[in-house]
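A.B. asks: In order, the protein sequence lines correspond to chains A and B. Mind the numbering: the first sequence is residues 3 to 259 in our numbering, read in order. Mind the numbering: the second sequence is residues 3 to 259 in our numbering, read in order. Every residue, glycine too, gets a C-beta built ideally from N, C-alpha and C. Since we're looking at a predicted model, the values are computed, not measured.
2 protein chains.
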Amino acid sequence: MKALSVSKVRRFVQKTGASPVYRQVADLLERDIQQGSSRSERAALPSENELAAEFKVSRVTVRQALDELHRKGLIYREKGRGSYARSQHIGGVTGFGSFTSEVENAGSKPTSRVVNFVKVSSLPDGMKRHLANLPPNNRSYHCLARVRCADSRPVAYEETYLDTETYPGLERADVENGSLYAAMLRIWGYQPAWADAAIEPSVADEAIAKHLGIKVGAPVVVAWRVTSSEQDEVLEYVRSVYRGDGFALTVRRLKIS
Amino acid sequence: MKALSVSKVRRFVQKTGASPVYRQVADLLERDIQQGSSRSERAALPSENELAAEFKVSRVTVRQALDELHRKGLIYREKGRGSYARSQHIGGVTGFGSFTSEVENAGSKPTSRVVNFVKVSSLPDGMKRHLANLPPNNRSYHCLARVRCADSRPVAYEETYLDTETYPGLERADVENGSLYAAMLRIWGYQPAWADAAIEPSVADEAIAKHLGIKVGAPVVVAWRVTSSEQDEVLEYVRSVYRGDGFALTVRRLKIS
DNA sequence: GAGTGGTCTAGACCACTCG
DNA sequence: GAGTGGTCTAGACCACTCC
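What follows is the structure, given as structure tokens:
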């Protein structure tokens, strides 16, 4: 078991800087791990006391940084032995975040085409069937229908339902170009933080087949999702239909239990 | 915004007990949240200082407990304002853990039937296509094929590949009854901690159709999964085929980004 | 016995929210 | 200005691993 070679250039953290010290430490260590893990063996990190001395911070702060790396699945720790970099250092969870960032993480170029933008007075039936904590029936929604592409190839048809009271003044132009999540944050200050989702297999109907350029009856995955902010506000209801050939949802480094 | 009514019975934490103090605090608070959340309004928790006084522990320990509840999605916090219980207090992430515990969480009774148990010399092609960090080719595996049922109804066909060197002495009887994960822990001391998975839609072939009692060509979801321990040992490769009618994978309270 | 990570304490300063 | 959560410190004891 080799030790992780920590960069020999002495690094300093900014105690007056904008970002917390523990995050700076975590970022520096993450870089070391990413570089070091080209070798396939597991590498031992310096001990918490050594890191505290190295960065001239308290051990509690070092532990905060290591906790963060641990949650991200980049390291694991063994009592009485030490902390170790994981050999597989792939990123966070994908599959239920912003389509834009997910496709980017997968190494492709995401694009979207708005195919419909109308007001509706109820959510699709499947939403009620699969997801709990749905709103009362007397709401109205903007329904934004988009075809999602990765490298110009259509991979999903997606309907997003946005409560009209939550998004006053929403217009098609706001979402015509660029990420919806970017517009949410820029205009109304909303930031998605949690997702509840259900996934089920299905087959393409005529409309889906047309949008995705596949045959009627071809296998697809339907994902139903409710996205909420950190403060527990519901931001959107989404129905996504993914084509089945050559595109897979992936979930990486998901912590069990 | 109502305050969360903390139980009036004075609770004490055991400082010499087996479980850490912060976990005891977290458990007590979780109970309050579960009880209190029958009301639909969001409830404010006592402040960190109040909780520290209440339980006679330091504020750092209280924060450790609150961090845990935050990660589980049970509370959220706002700087300068306070901590609040979430209205939707559903559990952790499901969809990629043990089939047994997942179906139980969904409120159904899980059963399994072993339909095959043989040695094979390679993993299925789909595993290589979808998942990174696969092992060298010169390994051999126990292939355990099971039909998974919820309330006696077959919902999935699952092939589990177990490296013969990782599981010396594995016999069919070890997995014939009860959870594989329970056997892993009991006999070899392995505990699954992380999952990498890919999900794709497909249609049932003849073998799948027979096992699940559905028609050839019916929609199914195929999940490819690699499960690892906290120490980064690969514990199993799994190919699961879920039937599409009436059974959906759900992901609850998944933290985005 | 020396070193490690796990836990806990008491006290401090900050930026933020609210009245 | 009072109270809140966010961050940080210095020091301590423990159970565990390794030699």
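Can you tell me whether DSSP reads T162(A) as helix, strand or coil?
C.D. replies: strand
A.B. asks: To the nearest angstrom, how far is the alpha carbon of A199(B) from that of T162(B)?
C.D. replies: 14 Å
A.B. asks: V205(B) versus chain A: which residues are under 7 Å apart at the beta carbon?
C.D. replies: P221
A.B. asks: Give the DSSP bridge partners of V240(A), in chain order.
C.D. replies: T162(A) and R227(A)
A.B. asks: Quick check: the Cα distance between T63(A) and D34(B), rounded to an integer number of angstroms?
C.D. replies: 31 Å
A.B. asks: Compare the C-beta of R241(B) against all C-beta atoms of chain A and say whether one is closer than 8 Å.
C.D. replies: no
A.B. asks: Residues in the stretch 183 to 210 of chain A with C-beta within 8 Å of chain B's C-beta atoms, listed in sequence order?
C.D. replies: P194, A195, W196, A197, D198, A199, A200, I201, E202, P203, S204 and V205
A.B. asks: Drop a sphere of 10 angstroms on the beta-carbon of I189(B), count the other beta-carbons inside from all chains shown, and report buried for 16 or more, exposed for fewer.
C.D. replies: exposed
A.B. asks: Excluding the 5 residues preceding and the 5 following R148(B) in the sequence, name in chain order all residues of the same chain whose CB lies nearer than 6 Å to its CB.
C.D. replies: S114, V116 and E160
A.B. asks: Tell me whether G180(B) is buried or exposed, calling it buried when 16 or more other Cβ atoms sit within 10 Å of its Cβ.
C.D. replies: Classification of G180(B): exposed, given that the 10 Å Cβ count is below 16.
A.B. asks: Can you give the beta carbon distance from Y244(A) to V157(A), rounded, assuming they're within the 8 Å contact cut?
C.D. replies: V157(A) and Y244(A) do touch by the CB rule: their CB atoms are close to 6 Å apart, below 8 Å.
A.B. asks: Following the continuous beta strand (DSSP E) through N118(B), name the residue where it begins and the one where it ends.
C.D. replies: P112 to V122
A.B. asks: Against chain B, with Cβ distances strictly below 8 Å, would D234(A) count as a contact?
C.D. replies: yes
A.B. asks: List, in chain order, every chain B residue whose beta-carbon is nearer than 8 Å to that of Y143(A).
C.D. replies: By Cβ distance, chain B contributes nothing, its closest Cβ being about 20 Å from Y143(A), past 8 Å.
A.B. asks: Taking DSSP as the reference, what is the three-state secondary structure of Y169(A)?
C.D. replies: When secondary structure is reduced to three states using DSSP, Y169(A) falls in the coil class, being assigned neither helix nor strand.
A.B. asks: Using a Cβ-Cβ cut-off of 8 Å (strictly less than) and excluding sequence neighbours within five positions of L71(B), which residues of its own chain qualify?
C.D. replies: Hits under 8 Å: A28, L31, E32, I35 and I77.
A.B. asks: Does DSSP put D198(B) in a helix, in a strand, or in coil?
C.D. replies: strand
A.B. asks: From V224(B) to D247(A), what does the alpha carbon distance come to, in whole angstroms?
C.D. replies: So the alpha carbons of these two residues sit roughly 12 Å apart.
A.B. asks: Ignoring anything shorter than 4 residues, give me the alpha helix (DSSP H) runs that lie fully in the stretch 57 to 93 of chain B, in order along the chain.
C.D. replies: Complete alpha helix (DSSP H) runs here, min 4: 61 to 73.
A.B. asks: Let's test the definition: count the other Cβ atoms within 10 Å of the Cβ of K130(A) and tell me whether it reaches 16, buried, or not, exposed.
C.D. replies: exposed
A.B. asks: What separation, rounded to the nearest whole angstrom, lies between the Cα atoms of Q26(B) and V15(B)?
C.D. replies: Those two C-alpha atoms are separated by around 6 Å.
A.B. asks: Can you check whether the CB of H144(B) is closer than 8 Å to the CB of K121(B)?
C.D. replies: By the CB criterion at 8 Å, K121(B) and H144(B) fall inside the cutoff.
A.B. asks: Would you report the Cα separation of K74(A) and S21(B), rounded to the nearest angstrom?
C.D. replies: Distance between the alpha carbons of K74(A) and S21(B) is about 25 Å.
A.B. asks: Here's the rule: buried if 16 or more other CB atoms are within 10 angstroms of the residue's CB, otherwise exposed. What is P170(B)?
C.D. replies: It is exposed - the Cβ of P170(B) has fewer than 16 other Cβ atoms within 10 Å.
A.B. asks: Would you say Y78(A) faces chain B, with C-beta separation under 8 Å as the test?
C.D. replies: yes
A.B. asks: In terms of alpha-carbon separation, which member of E106(A), H213(A) and S142(A) lies closest to E238(A)?
C.D. replies: S142(A)
A.B. asks: Beta-carbon within less than 7 Å of V23(B)'s beta-carbon, same chain only, minus the 5 sequence neighbours each way: which residues are those?
C.D. replies: Around V23(B): V15, K17, V59 and T63.
A.B. asks: Since A220(B) is in the alpha helix (DSSP H), which residue starts that stretch and which ends it?
C.D. replies: Careful: A220(B) lies outside any alpha helix (DSSP H) and carries neither H nor E.
A.B. asks: For R88(A) and R227(A), what's the separation of their Cα atoms in angstroms?
C.D. replies: The alpha-carbon atoms of R88(A) and R227(A) are separated by roughly 31 Å.
A.B. asks: Under the DSSP definition of a beta bridge, which residues are partnered with R148(B)?
C.D. replies: V116(B) and E160(B)
A.B. asks: Compute the beta-carbon to beta-carbon distance between T252(A) and V240(A), rounded to the nearest angstrom, for a pair I have assumed lies under 8 Å.
C.D. replies: That belief does not hold up - the Cβ atoms of T252(A) and V240(A) are roughly 18 Å apart, past 8 Å.
A.B. asks: If you draw a straight line from the alpha carbon of C208(A) to that of R65(B), how long is it in whole angstroms?
C.D. replies: Note on identity: in this sequence residue 208(A) is Glu, with Cys being the wrong assignment. For E208(A) and R65(B), the distance between alpha carbons rounds to 53 Å.
A.B. asks: At the level of alpha carbons, what is the spacing between L256(B) and E104(A)?
C.D. replies: Cα to Cα, the separation comes out at about 15 Å.
A.B. asks: So G219(B) and V205(B) are supposed to be a Cβ contact under 8 Å. How far apart are they, rounded?
C.D. replies: 5 Å
A.B. asks: Quick check on P137(B): buried or exposed, where buried means 16 or more other Cβ atoms within 10 Å of its Cβ?
C.D. replies: exposed
A.B. asks: For a cutoff of 8 Å on Cβ pairs, would you count T252(B) as touching chain A?
C.D. replies: yes
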